[in-house]
Each structure stands twice: as C-alpha cells, then as structure tokens.
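**Student:**
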Amino acid sequence: MTQIPNQRHLFDIPDDVAYFNTATMGPMTKAAVEAGQKGLARKLHPWTIPDTEFFADTERLRPLLAELIGADTDGIAFSPSVSYSLATAARNLPLSKGQEILLLEDQFPSNVYTWRQLAKETGATIRTIGAHDNETLSDALLGAIGPQTGLVACANVRWTDGAGMDLIAIGKRCREVGAALVLDLTQSCGALAFDVKDVQPDFVAVAAYKWLLAPYATGFFYVAPQHRNGTPLEQNWITREGSSNFARLIDYTDNYGPGAQRFDMGERSNFALLPAFESAIRTILDWGVANIQETLGARNATLAGKLEAIGLDCPPASVRGAHYLCPHLPDSVPADLTARLKEDGIYVSRRGDRLRITQHLFTSDADVEHFIARLAHHLNA
Ligand SMILES: Cc1ncc(COP(=O)(O)O)c(C=O)c1O
C-alpha cells in the first residue's frame, strides 16, 4: 500500500473552496465530466451510434465494477439507486412470519423503508439494533443475530457517524444461522477495501455518486451466485438472450443473458452517464482502493489530532471507517454552524450531534488549516 499524493489538479475545485462533504456528494474529475459531455453529444448525431454501442459501455464497465469488490463479472448488475437494488433484493428474499429483519439504528432511509414494506408483505418483524454502554455497533449487531434472524441489512460504515461494522464476522454469523445478508456499501465502496469472497453477502447495493466520484443515478448491484436465477424488478428487452440481434427482438424469449444481467435496470445503456461512470471507476482503480483507504486514514488521523486540540473528540480509528471523521459537537455549538462554515468556503455536514467530515484526495493541507481555524472560531464565538 502506498500513500497517494494530493490529486486536486484532477478536479475543478477552486482554492477558496474547502470541500469536506464526499459522503453527501463526491465531486467528479474534470476527465469524467468531459467523458460524460462527449457521451451526451453522441445524441446530436444518433445516426453515428452503431447498434453495438448499446452493449459496449456496459461490457467494459461491468468487470471494472466487479474488481472494486472482488466479485466475478457475472455477479454485477447495473442499478440507478440503492432503493432500486434493495427492492430487487427484497423481491428475491422470501421471509416468513416470525422471522426477524435486523437493521441498524439511524440506518439510511432507503435501507429501512424497503424492509418495512417486506415486513408488511411477509409478516416478518423488524428489529433495530443500537449500541449500548461500551459495546460497538458491530458487536451489538453480531450479538443480535440468532436462529430467528431471516435477514440482516446493514452497511460497512454507518452514514451518520462512520461507525464501522465487522462484515466478515457478520457474514459468518449470518451463514451459521441461515440468515440472508444484504449490504449497502454506498458510504464505503471506493474508500474502504472490501471483498465479497471474505463476506459472502447475498446482495450488495452501491450508489456511485459519493465515494466513487461518479454521476448521480449511477450505481451497481452485486448478486451472489445462488440468487442469479431470481426475478428482476422489470422485464426489459436488452437483458434477454440474443438481444444484440436487433432484427430478431420480436422472437420473444424467456431466457435471460448470463449471470446477474437479468437484474440490469431498463435503459442501462445510458450514453451520457456510462462514459463518465467508467472514467470515474478507472480513476479509483488506478489509485487503488487500498491506497485510498491508507491515505485517507492517515490524513484523518492527523485531522482527528487537530480537532482534539480544539476540544472535539473523534471516535478512535478502530471503531470507525478510516475515511470518515465524525466528532461529537458540544451542546453550545451554534445551530447554524454549517451555514457559518459555508460562508468561510468550508463545506461539511452535520448529522444530529455530530459533524460529518469526509475529505478525499482533493483535500489540501491548506483546506485543513482553514477548516480548523474557522471551526475553532465558531465554537468559541
Ligand atoms: C448509506 C446510503 N445509502 C444510500 C444512499 C442513496 O440512496 P438512494 O440511491 O436510494 O437514493 C445514501 C445517500 O445519502 C446513503 O448515504
């Protein structure tokens, strides 16, 4: 693993903007935007788009997405959102009355409403897990998994505070009790190393517009081999066997293309978004996810020290994602803290009583110094 030098030159972030909000919306690189603009411009001259273009982008991108999570290419489907992916997972996970669906306290809403609906339809019950006393959230979830568990739906890090989950242990426990495991890796994919072979989840949902620095409404869905004969949400022409033969599309068939392709979203061949999506993923893979993790972890360790020096405690690195820093705010903090910081050119989120600080490789040392100085000023004002 190597430390990656600052990559600000790849982005269009002015010197007077200090952006600590990747967890809300990752900026795209200039190259990815250019690729997207070229892709969109193809529609100026649709007669120049060959039929093969309906397949070329997805064929190039699918193995790259698989590489991000250590999956086989056949396990990847294209999905526009986490909610779309989770709805597909829910459709393919039979639960019965009396079984429990385990969720984390304060989990992202798309990863809650889906399961409320499934509980309503099946008679399963939802149990929400929080950490008590000195236990970690991960241990609390591990301890709750038992013979009554039908499904565990969680993340690698909690979106509000970065609490880290031991997914290898959780995956193992799920297999011991025969529970399904569904993961939303939106807040970690591209920033924390992850391998489906270690965790063996049933399904993984990823929205790519945050840590993968890709356009909004791009993402992917991993499907474990045992679910690849399942039922997709939609019945689309392109996911069917032989769909590349446009002259014969009305030879209707019940057969799908290979692997998880049956789960691909309708109009997956998005000529504008896919080139930008591919450019973003190539950049992440060029940097290397393990190197990104290492670099952001080291930068956050330094930042945590500076936050502590101005009186803000961050959870230790052992219980949070390396890329996430969420210090507790004192009760005295101004209600409009993030608005005040924005006036200083500093962009950061607040979630409840925590500040959510998510820097990336574009964050400079000058950004950090400016942030700490202005934060100290507002906390003491
Ligand atoms: C953990 C997590 N999952 C998913 C999403 C996005 O969900 P969806 O793609 O359903 O809009 C977000 C956005 O903030 C998120 O933080």
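Residue numbers (the working numbering): 1 to 381. Every residue gets a Cβ at the ideal spot worked out from N, C-alpha and C, and that includes glycine.
1. Applying the 10 Å Cβ sphere with the 16-neighbour rule, what's the burial state of Glu267?
2. Do Arg374 and Ile357 have their C-beta atoms closer together than 8 Å?
3. Does DSSP put Arg173 in a helix, in a strand, or in coil?
4. Are the CB atoms of Asp202 and Val182 within a distance shorter than 8 Å?
5. How many angstroms separate the CA atom of Met165 from the CA atom of Ala208?
6. Could you name each continuous alpha helix (DSSP H) segment of 4 residues or more that falls completely within the stretch 217–297, going from the start of the chain to the end?
7. For Tyr324 and Ile284, I'd like the C-alpha separation in whole angstroms.
8. Rank Pro50, Ala366, Leu185, Ala376 by C-alpha distance to the C-alpha of Val17 and give the top, closest one.
9. Among Gln37, Arg351, Gly146, whose alpha-carbon lies nearest the alpha-carbon of Glu100?
10. May I ask you to verify whether the stretch 312–327 touches the stretch 56–70, counting CB pairs closer than 8 Å and requiring at least 3?
11. Specify, as a first and last residue, the run of the beta strand (DSSP E) that Glu100 falls within.
12. I need the residues with a C-beta less than 7 Å from some heavy atom of ligand 1; please give them in chain order.
13. Since His328 sits in a beta bridge, which residues does DSSP pair it with?
14. In terms of residue numbering, what span does the alpha helix (DSSP H) encompassing Val196 cover?
15. Could you work out which residue in Phe78, Phe11, Glu53, Asp51 is closest to Pro63 when comparing CA atoms only?
16. Among the residues of its own chain, which have a CB less than 8 Å from the CB of Pro80, if the five just before and after it don't count?
17. In chain order, what residues of the same chain lie with their CB nearer than 7 Å to the CB of Ile126, ignoring the 5 residues before and after it?
18. Please report the straight-line C-alpha distance between Phe54 and Val152, rounded to a whole angstrom.
**Tutor:** With the structure as the only source:
1. exposed
2. no
3. helix
4. yes
5. 20 Å
6. 273–287
7. 18 Å
8. Ala366
9. Gly146
10. no
11. 100–104
12. Ala23, Thr24, Ser81, Val82, Ser83, Phe108, Ser110, Asn111, Ala155, Trp159, Asp184, Thr186, Gln187, Ala207, Lys210, Gly219
13. Arg354
14. 196–199
15. Phe78
16. Ala217, Thr218, Gly219, Met265
17. Ile101, Leu103, Trp115, Arg116, Ala119
18. 36 Å
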